[in-house]
Amino acid sequence: MTQSTPIIEVSNLNKTYQKQTVLEDISFAVSSGSVLAIIGPNGAGKSTLVKILLGLETPTHGTVLIDGQKPQVARERIGYVPQRFTFDRTVPITVHEFLMLAACEEKEHTRTSMVDRALQEVGLPNIADHQLGALSGGQFQRVMIARAILHHKDILILDEPATGIDVAAEKTIYDFIRKLNEERGVTVLLISHELDIVFSFATQVICLNKRLVCHGVPKQVITKDVLQEMYGHLAGAYHHHCDK
Amino acid sequence: MYFRRCTVIWQAPIITTVTNNMFDFLALPFMQRALLAGIITAVLVGWVGVYVVSRRMSFIGEGIANASLTGVALALLAGWAPLPVAILVSLLTAAAIFIIERRTVIASDAAVGILCTSGLALGVILLRFFQGYQPELVSFLFGNILSIKISDLVVTEVFGVIVFLLLAFFTRQLTFMTIDPEGGYLHGLSRWGYDLLLYSVTAVTVVLSIKLLGVILVSALLVIPSSISKLFSSSFRSFRRNGILLSVVIVVFGLFLSYWLNLPSGATIVLFGATLFALASAAHLFIRNQ
């Protein structure tokens, strides 16, 4: 898979909410087929950036293009796994029904086989009839990934997908995402606070603290100075990840 | 054995007679109109109620019903049929709630509270210009399905069919935007279009049900059947199906009870539904603790 064609282009992006700057002059490009990690402290603008990439928010200034199109137009090419899914767990809906909502424009039996295949791929083949609200955190997150990959997507955006799940489930999730990237050429954008994951998993990283602190290959650009700029006096907790 | 057979033979005509008397009223034209209008609105209210309860926006039913009083008052002053004007006012109210929710920092419940009490207040002021007793107004306030006219039935049927078709055609989209609006948007659905559609069908359904239950009680039927259904359903499909069935059962048996006991129809339907809810909740708690 070539990594030269930019599939995401962000130019001079600014976002303000009620006169408060959330993102300031952000520019970067993401090559098709790469894995980009986005790191930064709380309030750095990571989630706002993701919302703009998904077309859920509009920039105050600047442009965002997904393969040359506005995010609102290209949104169906993006699979998204949110950090928190604000779902009322008391509403009775099965995993099968939930996934079938997203498996549109197909015949019933094709949709069912799509759902079964997606559940198989995330390692949950036998939970189609379970209620969504009764799933554990790890199962729930894998169902969200199953939904994101139900159709072939060019881009997969994951907002801290391993939050609140155990080590074994976390490994399953990251192995599967890696497989999607390597075998299907899916471009992956991963928000994570875990530098271990960023170093082992991402080909590119952007460090964000309202503005772009660094952008490049993780081993090359994440330095103690960069961590200091992002996390301040708490940066020491991350220093063991850095050579420089 | 002989005695028992004789007893059965002797009892049978009495049971038949009692049964005949009990259901004689079904031959009455006003009761037939009431049942037909009741079943149509029950199906719609049961269906819409599933979305309303899932989105935790039960307050919207009461709010729209209150605001529709302005439409009733306007129609009565102008000498028009109240139901179509009330539907128009309720649609405008639903659209206004929708816009305030999305374009301002005002929360949904506050938007409903402000607009709908204002609508009710305007209705009360308009009715001040009215002279004398208005049976039509009383039936809108407290519900009187037995007084439903053929013209009301026609309006109920026409709007009922439209709402039913919209709900049937857009079931997947409405369910998707109810369960996961962000996911629905990313799968190509309009962020606002389906919410506006749901608000509109809710507004029309609520106004169609006002004749059945009255402005004051109408929101109960939006919430009770789907809340009972939620206790015992294991899938969204069964949640919706049971909600509709329960709504029809509550309306039909409530109507029968109101006729047999000579009680106001709206209040009897709501109390019958509330009793079912209390029994269902007790049964649910009992099953859960087993």
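From first to last, the protein sequence lines stand for chains C and A.
With our numbering, you'll find the first sequence wraps up at 289, consecutive numbering, no jumps.
With our numbering, you'll find the second sequence wraps up at 1313, consecutive numbering, no jumps.
Just so you know, even glycine gets a beta-carbon here, dropped at the ideal spot from N, CA and C.
For residue i, the nearest candidate out of the options (CA to CA)
{"i": "R229 of chain C", "options": "C:K91, C:P170, C:D241 and C:I194", "result": "C:I194"}
{"i": "A1117 of chain A", "options": "A:Q1055, A:L1308, A:I1137 and A:A1101", "result": "A:I1137"}
{"i": "A1088 of chain A", "options": "A:S1250, A:A1226, A:R1260 and A:R1264", "result": "A:A1226"}
{"i": "V67 of chain C", "options": "C:T105, C:V233 and C:L101", "result": "C:T105"}
{"i": "M1080 of chain A", "options": "A:L1231, A:T1291, A:S1242 and A:L1111", "result": "A:S1242"}
{"i": "L1268 of chain A", "options": "A:A1191, A:S1249, A:S1288 and A:V1075", "result": "A:S1249"}
{"i": "Q1196 of chain A", "options": "C:C149, C:F73 and C:E121", "result": "C:C149"}
{"i": "K1172 of chain A", "options": "A:K1234, A:L1240, A:L1280 and A:S1091", "result": "A:K1234"}
{"i": "Y1222 of chain A", "options": "A:W1283, A:G1146 and A:V1186", "result": "A:V1186"}
{"i": "N87 of chain C", "options": "C:H238, C:V136, C:V243 and C:Q273", "result": "C:H238"}
{"i": "V126 of chain C", "options": "C:H260, C:I200, C:V266 and C:N254", "result": "C:I200"}
{"i": "V258 of chain C", "options": "C:I53, C:Q63 and C:K91", "result": "C:K91"}
{"i": "L1209 of chain A", "options": "C:A247, C:I202 and C:E227", "result": "C:I202"}
{"i": "T268 of chain C", "options": "C:G124, C:S76 and C:I251", "result": "C:I251"}
{"i": "K255 of chain C", "options": "C:I83, C:P51 and C:V75", "result": "C:I83"}
{"i": "V1246 of chain A", "options": "A:V1147, A:L1294 and A:D1218", "result": "A:L1294"}
{"i": "H175 of chain C", "options": "A:L1308, A:N1044, A:S1256 and A:W1283", "result": "A:S1256"}
{"i": "G277 of chain C", "options": "C:V160, C:Q63, C:K60 and C:A89", "result": "C:A89"}
{"i": "Q265 of chain C", "options": "C:Q249, C:E274 and C:Q273", "result": "C:Q249"}
{"i": "T1291 of chain A", "options": "A:L1236, A:L1308 and A:K1253", "result": "A:L1236"}
Beta-ladder partner(s) of residue i, from DSSP
{"i": "I200 of chain C", "result": "C:I123 and C:T232"}
{"i": "C259 of chain C", "result": "C:C252"}
{"i": "E54 of chain C", "result": "C:A74 and C:L110"}
{"i": "T66 of chain C", "result": "C:T61"}
{"i": "Q176 of chain C", "result": "C:T139"}
{"i": "D271 of chain C", "result": "The amino acid at residue 271 of chain C is misidentified as Asp; the sequence shows Val. Answer by DSSP bridge pairing: none, since V271 of chain C is not bridged."}
{"i": "V339 of chain C", "result": "Because chain C is modelled from 46 through 289, residue 339 of chain C falls outside the range shown and cannot be assessed."}
Whole-angstrom C-beta distance between residue j and residue i, which should lie under 8 Å
{"i": "V1108 of chain A", "j": "G1094 of chain A", "result": "4 Å"}
{"i": "P116 of chain C", "j": "I138 of chain C", "result": "With 8 Å as the limit, P116 of chain C and I138 of chain C do not qualify as a contact, their Cβ atoms being about 28 Å apart."}
{"i": "I1168 of chain A", "j": "A1297 of chain A", "result": "Not really, about 18 Å apart at Cβ, beyond 8 Å."}
{"i": "G1069 of chain A", "j": "V1271 of chain A", "result": "7 Å"}
{"i": "L144 of chain C", "j": "A191 of chain C", "result": "6 Å"}
{"i": "A1104 of chain A", "j": "S1174 of chain A", "result": "6 Å"}
{"i": "T232 of chain C", "j": "S77 of chain C", "result": "6 Å"}
{"i": "G1166 of chain A", "j": "L1240 of chain A", "result": "6 Å"}
{"i": "V188 of chain C", "j": "V140 of chain C", "result": "6 Å"}
{"i": "S1077 of chain A", "j": "T1201 of chain A", "result": "5 Å"}
{"i": "Y235 of chain C", "j": "V80 of chain C", "result": "In the sequence on display, residue 235 of chain C carries Leu and not Tyr. That belief holds up - the Cβ atoms of L235 of chain C and V80 of chain C are roughly 7 Å apart, short of 8 Å."}
{"i": "I52 of chain C", "j": "I111 of chain C", "result": "7 Å"}
{"i": "F1082 of chain A", "j": "V1135 of chain A", "result": "5 Å"}
{"i": "L1150 of chain A", "j": "L1160 of chain A", "result": "7 Å"}
Any non-hydrogen atom of the ligand NAD within 6 Å of residue i CB
{"i": "A1134 of chain A", "result": "Among the components modelled here there is no ligand, and therefore nothing to report on the ligand NAD."}
(request) With a floor of 4 residues, list each alpha helix (DSSP H) that falls wholly inside the segment 1042-1112 of chain A, ordered by position along the chain. (result) 1052-1077 and 1082-1101
(request) Taking only runs that begin and end inside the segment 1259-1302 of chain A, name each unbroken alpha helix (DSSP H) of 4 or more residues, in chain order. (result) 1259-1284
(request) Below 8 Å between beta carbons is the criterion; list the residues of the segment 1255-1279 of chain A that meet it against any residue of chain C, in chain order. (result) S1256, S1257, S1258, F1259, R1260, S1261 and F1262
(request) Pick out the complete alpha helix (DSSP H) segments inside the segment 82-114 of chain C, 4 residues or longer, and give them in chain order. (result) 91-99
(request) Scan the segment 245-257 of chain C for residues whose Cβ lies nearer than 7 Å to a Cβ of chain A and list them as they occur along the chain. (result) none
(request) Could you please tell me which residues of the segment 1150-1179 of chain A, in chain order, have their CB closer than 8 Å to any CB of chain C? (result) none
(message) Just to confirm the assignment: which complete beta strand (DSSP E) runs, minimum length 3, are found wholly within the segment 1137-1220 of chain A?
(response) none
(request) Taking a Cβ distance cut-off of 8 Å, strictly less, list which residues of the segment 175-206 of chain C are near chain A, in chain order. (result) Q176 and R192
(message) Counting only Cβ-Cβ distances shorter than 7 Å, please list the residues of the segment 145-176 of chain C near chain A, keeping chain order.
(response) L146, A147, C149 and Q176
(request) Taking only beta carbons into account, state which residues of the segment 125-143 of chain C come closer than 9 Å to chain A, listed in chain order. (result) Y125, P127, F130, T131, F132, D133, T135, V136, P137, I138, T139, H141, E142 and F143
(request) Please name the residues in the segment 1109-1139 of chain A whose beta-carbon is closer than 9 Å to at least one beta-carbon of chain C, in chain order. (result) none
(message) Please list, in chain order, the residues of the segment 1285-1307 of chain A that have any C-beta partner in chain C closer than 9 Å.
(response) none
(request) Check each residue of the segment 1186-1199 of chain A: if its Cβ is closer than 8 Å to any Cβ of chain C, include it; give the result in chain order. (result) R1195, T1198 and F1199
(request) Using a Cβ-Cβ cut-off of less than 9 Å, list which residues of the segment 1077-1099 of chain A approach chain C; keep chain order. (result) S1077, R1078 and R1079
(request) Name, going along the chain, the residues of the segment 105-123 of chain C whose beta-carbon falls closer than 8 Å to a beta-carbon of chain A. (result) R120, E121 and I123
(message) Please identify, using Cβ separations under 7 Å, the residues of the segment 1211-1244 of chain A that lie next to chain C, in order along the chain.
(response) G1211
(request) May I ask you to list, following chain order, the residues of the segment 1049-1076 of chain A that have a beta carbon less than 8 Å from some beta carbon of chain C? (result) none
(request) Would you list, in chain order, the members of the segment 218-234 of chain C that have their beta-carbon closer than 8 Å to a beta-carbon of chain A? (result) none
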